[in-house]
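Residue numbers (this note's numbering), protein chains in the order written: chain H, 5 to 295; chain G, 907 to 1199. Note that the Cβ used here is the ideal one computed from N, Cα and C, for glycine as well. Below is one structure, written out as structure tokens; comments come after it.
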Amino acid sequence: MTQVGLSSPSLPMCPSAMRTTLAFARRELREALTSRWFLLYTAAFAVLAVATSFMSLAGTGSHGFAGFSRTAAGLLNLVMLVVPLMAMTAGATSVAGERERGTLLYLLAQPVSRLELLLGKFIGLSAALCASLCIGFGLSAGVLAWRAGGAGVGSFLSLVGFTCLLAVVTLSVGLLISVSTRKASVATGVAVFVWLTLVFLSDLGLMAGSLLFKFRVQELFSLAIINPLQAFKMSAILGLNASLDVLGPAGVYASRTFGAALPWMLAGVLAAWGALSFLAAALIFTRRAPV
Amino acid sequence: MIHVKGVIKKFGPVAAVDGVSFHIDEGESIALWGSNGAGKTTLIRCLLGVLRFRGRIVVGDENVKRRGKMARRLIGYVPQELAFHDDTRLGAAMIFFAKLRRVDPARCVELLEQVGLTGHERKRVRDLSGGMKQRLALAVAMLADPPIIILDEPTSNLDAVGRSEVFEMLQVLKRKGKTILFASHRPDEVIGLADRLLVMEKGRLVRDTTPASQWPAAGAVQTMRLVVAGEREESAATLLRDAGHIVHLNGRGLCVLAPHDKKALPIRLLAQAGVDIHDFEILEDFNNEEGAR
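The structure is reproduced here in structure tokens:
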């Protein structure tokens, strides 16, 4: 029997899988960079980031005073709103869209594993999202450097790093939604609902819960950091070298109880969200029919 | 080359493939024959390992369930219609699949020339005609020069010219000794390409035969549609099959294949069995009839 596929130069399994994964990642990145959603989100984020820079500069009353730190603080709320929406919808439409168009079946009919495909998508989309965010942050940084010098640039870079982490984490959640749904429109709807829940309802829920059930401060903190957005917010505030006291009793409790371990704990929460979401997505994807 | 044993694939309570077993030797060309919903496409997807199934499929020496990726290395797959991102350019699509198959990109140039797509590399997939898409799918399938080619109704969406082009390419592949498994609705394709015919009906393999024994006057087969009372369709189909005809229940009557000079045979058989024939029609092109539904 002529087994051409097998008689080709035999390569260790791992590099082969990596090569396949990277092929998918490159394709995903290329397609994201030319897609409308990427251009739209990049433009929107860049405009808002630059506008925030100008506003924070105006708010100082004099150019050059801690421009980067103030802008980073100003961008925090924008990031919490825009980035999860951007990443979750990108992830949600990814696999579901392929399934709906029929392209998923054709890709899986090639000598590839489902994990390679999913991982490739994840890496490619992560790279596209980070590139998009870096464009926005980069323009903002350009404005600040031009008008205000380099004061507080560390805080700004910390925010960029945490934002990229948040994007990757929420992208994993989006992929989990995507592999669980058949249609891109349904996946997008679910992603928007999850985004709303994380952004708005969790805060309101915590407020209502603490009033109704008289949560103790440690319970309130535990419930808060279950939400990756809250974990991100606390991480970013710590990265700005600010006190978590601004977050009220839960913030004070966290600072006093966990001290220097707190940033690692929060990063761990974010990483756990990302890893568990991706694992769940991989598990569902490998068991689900591609049509 | 391909061993299929007791394959069952259910979607909910419905068995799309129901206990199918067969064997294909190296270099054989096999046609999967059956009406829409007979389970051909589902069976092909099981062979590719993209659907989970009960039973056992071995391609080459690879168990599809356990080593699906390795089994797919031995297979070039051509779908009914190439499904790939519309915005991708033809050349980029070929290079992408070459990377997946670990093939030198230079092979893409060679294959595009073979399928007559040289010069179209910059065209986007959405701008390709149906025939060009199928030729691209064939080129992708041939990238790693796999020993097995599986095609799911490769000409069903093509016009006469496109059909002829794809059919000629398949004949070349057959002459090269490739093992070919293809689903088809068209007697002329089956007669011209297949060594054996696997007839499927409602998920079951109802017959493993040859085109020559099925259609003794090869090339002179016509399809006729007989309309009988709904409750008699099953028994009428069984009666005709027992008499050696290939019959499909396509939701609009019985599609019966018969030699062109003996078209009255199935009608006489049914009449003798007391089955009322409400209407009949000679279909010039069975595939067009299927497509028109």
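Taking C-beta atoms as the reference points, G/A1164 and G/M1130 count as a pair closer than 8 Å. Close to G/F928, with beta-carbon spacing below 7 Å, lies no residue of chain H; the smallest spacing is near 18 Å. At a beta-carbon threshold of 7 Å, the residues of chain G lying near H/L112 are V956, ordered along the chain.
If you draw a 10 Å sphere on the C-beta of H/I230, you find fewer than 16 other C-beta atoms in it, and that means exposed. Take the alpha-carbon of G/G945 and the one of G/L1087: they are about 14 Å apart.
Annotation: Cβ neighbours of H/T24 in chain G (cutoff 7 Å, chain order): L1006.
Within the segment 267-294 of chain H, the residues whose Cβ lies closer than 7 Å to any Cβ of chain G are, in chain order, A293, P294. Contacts with chain G at 8 Å (Cβ-Cβ) do not include H/V221. For G/H929, the CB contacts under 6 Å within the same chain, skipping 5 residues up- and downstream, are H909 in chain order. Under the three-pair Cβ rule at 8 Å, the segment 193-201 of chain H does not count as touching the segment 114-125 of chain H.
By the criterion of a C-beta distance shorter than 7 Å, G/A1149 is surrounded in its chain by L1175, once the five residues flanking it on both sides are discounted. Restricting attention to H/V221, H/L169, H/V54, the CA atom closest to the CA of H/L148 is found in H/V54.
Looking at the DSSP output, H/W268 sits in no beta bridge, so it has no partner there. Scanning its chain for C-beta atoms nearer than 7 Å, with the 5 sequence neighbours on each side dropped, one finds around G/F1003 the residues V1046, L1049, in chain order. Close CB contacts of H/G278 within its chain, under the 7 Å cut and outside five residues either way in sequence, are with V172, V173, S176 (chain order).
A residue is called buried when at least 16 other Cβ atoms come within 10 angstroms of its Cβ; G/S1119 does not meet this threshold and is exposed. Exposure of H/G252 is indicated by the presence of fewer than 16 other C-beta atoms within 10 angstroms of its C-beta.
DSSP lists G/V923 as the bridge partner or partners of G/K915. Among the residues facing chain H, G/R1131 is not included, as its CB has no counterpart in that chain under 8 Å away. Secondary structure note for H/T261: its alpha helix (DSSP H) is the uninterrupted segment 253-262. Excluding five sequence positions before and after G/N1063, the CB atoms of its chain that fall closer than 7 Å to its own CB belong to Q986, E987, G1036, given in chain order.
For H/G95, the closest of H/T56, H/V194, H/L137 by C-alpha to C-alpha distance is H/V194. At least one beta carbon of chain H lies nearer than 8 Å to the beta carbon of G/A989. Annotation for G/E932: M907, T1085 place their beta carbon closer than 6 Å to its own, counting only its chain and skipping 5 residues before and after. Where G/R1081 is concerned, the enclosing alpha helix (DSSP H) starts and stops at 1066-1081. Between the segment 20-29 of chain H and the segment 122-130 of chain H there are three or more C-beta pairs closer than 8 Å, enough to call the two in contact. DSSP, read as helix, strand or coil, puts H/F126 in helix.
Taking G/R1113 as the centre and dropping the five residues before and after it, the same chain places the C-beta of V1105 closer than 6 Å to its C-beta, in chain order. DSSP places G/T994 outside both helix and strand once states are collapsed to three, so it counts as coil. Our two residues, H/S98 and G/Y983, have alpha carbons roughly 23 Å apart in a direct line. G/N969 is bridged by DSSP to G/V964. Residue nearest to H/F42 within the set H/R23, H/A135, H/S60 is H/A135 (criterion: CA-CA distance). When Cβ-Cβ separations below 8 Å define contact, H/G106 makes contact with chain G. Annotation: Cβ neighbours of H/R31 in chain G (cutoff 7 Å, chain order): F1002. Ranked by Cα distance from H/A77, the first of H/T192, H/L133, H/L161 is H/L161.
In this structure, the CA atom of H/L227 is about 10 Å from the CA atom of H/G213.
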